[in-house]
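Single-structure report; data block below.
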Amino acid sequence: MQLTIGSKLHGFTVEDAQDLSEINGTAFVMRHEESGARLLFLQNDDGNKSFSIGFRTPPKDDTGVFHILEHSVLCGSRKFPVKEPFVDLLKTSMQTFLNAMTFPDKTLYPVASTNERDLLNLMDVYLDAVFHPTIYSNRSVFEQEGWHYELRAKDGAAENAPLDARNSELVYNGVVFNEMKGALSNPSSVLFDELQLALFPDTAYAFESGGTPQAIPSLTYEGYLDEHRRHYRLDNSYTVLYGNLDIDRVLSFLDDAYFSPVSREEAEADRSRVDQGLSPLRPRELHRQAPVVREDILRAMDTAPENACVGAAFVIGDFSDPARILATDILLDALMGSNEAPVKRALLDAGVAAEIVAYTADSLLQPFAVVEARGIDGSTSERLVPELRSAVTRLVEQGFDRELVEASLSRSEFVMREHNFGMADGVAHAMTALCGWLYDDAMPTAYLRYEETFSQLRAGLETGYFEDLARSLFLDNDHWAKVEVVPETPDTDIEKSELARRNAQMGDEERTRIIEAEQALRTFQTADDSPEAKASLPRLTLDDIGSSPVEPPIELDWKTPITTLRHRIETNRIAYAYRYFDAGVLSFEDLPYLSVLAMVLGKLATDSHSAAEIDTLVQGKLGNLSFYARVFELPETQGDPELKLVASASALEENAHWLANLPREVMLESDFGDAAKIKDILMQRKIDMEQDFANSGHLYASERARSYYSKAGVLGEQLGNVDFYLFMKDLLDNFDQRADDLSKRLRALSEKLLNDNLCTVSFTGSDAAYDAFWKARPALGRTTQEETRLEIPEPSVRNEAFVVPSDVSYTALGWDSRLMGGAYHGAWSVASRALTFDYLWNEVRVKGGAYGVGFKTSRYGNMRFYSYRDPHIDETVERFCGASRWLDGFDPSPEAMEGFKVSTVAEMDTPIKARQLVLRQDIEFFSRCKPEDRARIRKQALETTAHDVRALAPYVEQMTRHRAVCTFGNRDAIEASGMGMTVVDLLGSSSR
0 MQLTIGSKLH GFTVEDAQDL SEINGTAFVM RHEESGARLL FLQNDDGNKS
50 FSIGFRTPPK DDTGVFHILE HSVLCGSRKF PVKEPFVDLL KTSMQTFLNA
100 MTFPDKTLYP VASTNERDLL NLMDVYLDAV FHPTIYSNRS VFEQEGWHYE
150 LRAKDGAAEN APLDARNSEL VYNGVVFNEM KGALSNPSSV LFDELQLALF
200 PDTAYAFESG GTPQAIPSLT YEGYLDEHRR HYRLDNSYTV LYGNLDIDRV
250 LSFLDDAYFS PVSREEAEAD RSRVDQGLSP LRPRELHRQA PVVREDILRA
300 MDTAPENACV GAAFVIGDFS DPARILATDI LLDALMGSNE APVKRALLDA
350 GVAAEIVAYT ADSLLQPFAV VEARGIDGST SERLVPELRS AVTRLVEQGF
400 DRELVEASLS RSEFVMREHN FGMADGVAHA MTALCGWLYD DAMPTAYLRY
450 EETFSQLRAG LETGYFEDLA RSLFLDNDHW AKVEVVPETP DTDIEKSELA
500 RRNAQMGDEE RTRIIEAEQA LRTFQTADDS PEAKASLPRL TLDDIGSSPV
550 EPPIELDWKT PITTLRHRIE TNRIAYAYRY FDAGVLSFED LPYLSVLAMV
600 LGKLATDSHS AAEIDTLVQG KLGNLSFYAR VFELPETQGD PELKLVASAS
650 ALEENAHWLA NLPREVMLES DFGDAAKIKD ILMQRKIDME QDFANSGHLY
700 ASERARSYYS KAGVLGEQLG NVDFYLFMKD LLDNFDQRAD DLSKRLRALS
750 EKLLNDNLCT VSFTGSDAAY DAFWKARPAL GRTTQEETRL EIPEPSVRNE
800 AFVVPSDVSY TALGWDSRLM GGAYHGAWSV ASRALTFDYL WNEVRVKGGA
850 YGVGFKTSRY GNMRFYSYRD PHIDETVERF CGASRWLDGF DPSPEAMEGF
900 KVSTVAEMDT PIKARQLVLR QDIEFFSRCK PEDRARIRKQ ALETTAHDVR
950 ALAPYVEQMT RHRAVCTFGN RDAIEASGMG MTVVDLLGSS SR
């Protein structure tokens, strides 16, 4: 139907209508008359539709109440009284996005689906969750998702001994509690929190909205309920609809089912409070912070010495100037976005730190810029701000290099055109809209509009706009702060000491209450939902699934100078060019150096340009230029995998000739003799890996475990996991002695590998862009007679536990299905979903308190269990090992089985961006997979029966019997493990 300003429809009034070219559609701003709820409808032809509802939720302390509420409201509601409706939707819907997020000042609940009926179902569950959660009648939800006490028998306590202070230990547990222990093991996260506190000490931004492990246990159940009543109100809500929706149907549903009835409920609750002599509950307001300057704040943190860091933060201004926020993002990229950016280069050359990271913290009332220095020592931390200001002053006085800033501006425009943010577009747009709308009802689309802003900023290149911005941000700013995170090992564990003291002081009555509360929680967690509760959830059937998405096939072009995989995919006028070089000509000992080669290509000077000039050309002419090693496996047999070096580049189609010229120059002319720049790159990668070990340990644990049973895993270790880290660490420890040899090795590797007869090209874009690419002569003009020589050692199981600076653990157990016989079947996809969102979710997340857990399989053989931010190791592995028994007894209702199949196939059919589709098709080509293989696996998944899933139990049992286990994490948990793993202090690199 046609919406116009002033239109009234189902209780909503259209207040504004704007053409929005950035989404190829129209934005309609509406208000629900009865409730005052705000609504933004972003109408276009996108079939991946979305809905989100958000609330302004400024915290008043560090208890993480809004984070805990974000988890809790999705644990059952009035209309859908099941324990885990969120998980049930993951198991049964066609969602393309389903999540909830807590920000520093808001909480957002977004969903997306390509099926409108499914989207309405998701909206129904989410809206009932936020307005009618079961948290008021079920305290166990608060204890499960937030925190609770547990009394555990001490090691050595007699069986059935009373849990008194002598025989027990008191501990905290809870999903959010454990999540934040993991999140705040990251020194950069701690630094960010301290900078926010320093900048905004008198506002809600002084607090960690996710909660700190120290403060979370001070949150009371009553305070938690009060915050929900106060903030989860329609007059405090922001709803965003997106895509090709039947808006009449959607608005009718919103008004009839929720907005009007909930508005009346809220009005009645307000009247009731007034009758009791109380004022109506209202959400807290956000307030601006008056300018402050805070320097030399030291924050002690129990972490490794390598994690020392220092940061300075500068308030940009106000949310009401989106152009200034975008300009700051471009400015930071131009000045500090790469090693050759002038300010970062000055800071590196001055020895301030091994790594400098600069970014914008937006989506806040007062956005700010952060400059973080990593890999510091105590003597250099004081120099960050003086050296930063000195470098900026020189540049401002000289005037910026126009090409430098213009390149960063072009890069930003490319990112916006590609719009590849790893989530449904409508969800990304909803978050963007709230950058202004949350603070001003007149700004729902201000941050969605960027085309005119880019034009203004281009004009600013001629007027000194960016110089003035740099001056006001870094030199003349009266609102900034500096914080240093200082690694420090405390004499005592404060949390353990506090719990021990509490345990010693508790009387029998309180001890009994804790035991009974935990028993009540376990009863809640283990109880099945009633048939009536299960029946309340909306469900799709297999009839709702459409046909498999049609993908344009790859064309093999033999007529070009280099064999080319020609993709014909809609790309929004972007061209993608990938070169795949066969690395089988290398030796196994070459592989770590191959990764170093990939890291430095594009970051060094060439015969024709300086490193800074190369950086500016890449930013200005390309969307990206990167190099990396990729392992390809055959799906049916384990055989030797193939290894290729990938040169990845993208550009606007009008710059397609640069896809040929610039990568060719980098590959043929790079100066590998610049040891200082190479050392910088290696140090930065080392720092990144050390932080990732503690933040994303499940990825490293999974890859390490894979090396126990797979040659592909053995390759992966040399290329970018633990073995590569140890190689890199040793190389840096002896860099001066090895620099000349490294230079020679890199040059020899490039000459051996980067040859036309080892190359296959993959190109995506229009015919005109394709012609321009080949006319620019992308071939390197050289060949090699080298023969295949890569011999990969046989894998062997080595159960290992890597100690990293984290308060939680990450554990993986894996095996290769190809070692057990049988071709990959679509039933594995269904079984993976059932194990992840049923058995593992209940056992490891709900009962065990881990933040995340899963089971994944691949048609290329890799099977793995993993846990994420997990307080346990041995208990988790035992639950992994119990998966086969659960699978053997798998007997879902027909409706549940259909739901597993619907959600499995919907995930296979989820729309993906052009870049991801190109890469997936390239992987399938090099892995000898046929296009019809995907269709076959999809069909098998649709036809899977419970018997088919049960038939996989022996394979899972065999998998777990090998005990190929790896864990990363907390020293105390690792040393308490009884699994007999080899313990490695990874950052210290010692084993025992």
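Sequential numbering of the sequence shown, starting at 0, is according to numbering that gives the first Met the number 0. A virtual CB, placed ideally from N, CA and C, is assigned to each residue, including glycine. These numbers were taken from a predicted model, which means no experiment stands behind them.
C-beta contact flag for residue i and residue j at 8 Å
i           : j           : result
residue 832 : residue 902 : yes
residue 306 : residue 186 : yes
residue 762 : residue 622 : no
residue 316 : residue 407 : no
residue 405 : residue 619 : yes
Outcome for residue i when other beta-carbon atoms lying within 10 angstroms are tallied against a minimum of 16
i           : result
residue 988 : For residue 988, the pLDDT reaches just 49, beneath the cut-off of 50, and the residue's location in the model is therefore unreliable, leaving the point undetermined.
residue 557 : exposed
residue 883 : buried
residue 493 : exposed
residue 375 : buried
residue 148 : buried
residue 135 : exposed
residue 29  : buried
residue 643 : buried
residue 116 : exposed
Alpha-carbon to alpha-carbon, residue j and residue i
i           : j           : result
residue 772 : residue 667 : 18 Å
residue 216 : residue 359 : 32 Å
residue 991 : residue 340 : At residue 991 the pLDDT is 29, less than 50, meaning the model places this residue with poor confidence and gives no usable figure here.
residue 812 : residue 964 : 4 Å
residue 683 : residue 807 : 25 Å
residue 452 : residue 398 : 22 Å
residue 664 : residue 605 : 7 Å
residue 943 : residue 826 : 6 Å
residue 628 : residue 598 : 10 Å
residue 871 : residue 838 : 17 Å
residue 880 : residue 912 : 37 Å
residue 543 : residue 304 : 55 Å
residue 166 : residue 504 : 14 Å
residue 48  : residue 110 : 9 Å
residue 9   : residue 251 : 5 Å
residue 332 : residue 662 : 21 Å
residue 616 : residue 602 : 11 Å
residue 302 : residue 982 : 18 Å
Selection from the options that minimises the alpha carbon distance to residue i
i           : options            : result
residue 738 : 678, 688, 348      : 678
residue 687 : 973, 822, 373      : 373
residue 758 : 873, 817, 645, 276 : 645
residue 914 : 905, 392, 48, 568  : 568
residue 46  : 325, 513, 112, 543 : 112
residue 363 : 835, 694, 56, 2    : 56
residue 224 : 512, 68, 827, 213  : 68
residue 841 : 555, 527, 540, 828 : 527
residue 295 : 585, 86, 309, 342  : 309
residue 365 : 491, 71, 291       : 291
residue 731 : 690, 674, 221      : 674
residue 689 : 141, 896, 986, 251 : 986
residue 552 : 917, 351, 523      : 917
residue 573 : 633, 396, 766      : 766
residue 459 : 537, 330, 747, 547 : 330
Near the ligand PLP: residue i beta-carbon under 7 Å from a heavy atom
i           : result
residue 695 : Looking at this structure, you won't find the ligand PLP or any other ligand, since it has none at all.
Proximity test, Cβ basis, 8 Å: residue i and chain D
i           : result
residue 431 : Note that chain D does not occur in the displayed structure, where there is just one protein chain.
Examine the Cβ distances between the stretch 226-239 and the stretch 257-266 and report whether three or more of them are shorter than 8 Å. Here the stretch 226-239 makes contact with the stretch 257-266; the two share three or more CB pairs at distances below 8 Å.
Would you say the stretch 697-717 touches the stretch 872-881, given that touching needs at least three Cβ pairs under 8 Å? no
Quick test of the definition: if touching needs 3 or more C-beta pairs under 8 Å, does the stretch 180-200 touch the stretch 478-494? yes
Quick one: any contact between the stretch 456-468 and the stretch 274-287, if contact means 3 or more CB pairs under 8 Å? No contact exists between the stretch 456-468 and the stretch 274-287.
Three or more beta-carbon pairs under 8 Å between the stretch 689-700 and the stretch 168-185, yes or no? yes
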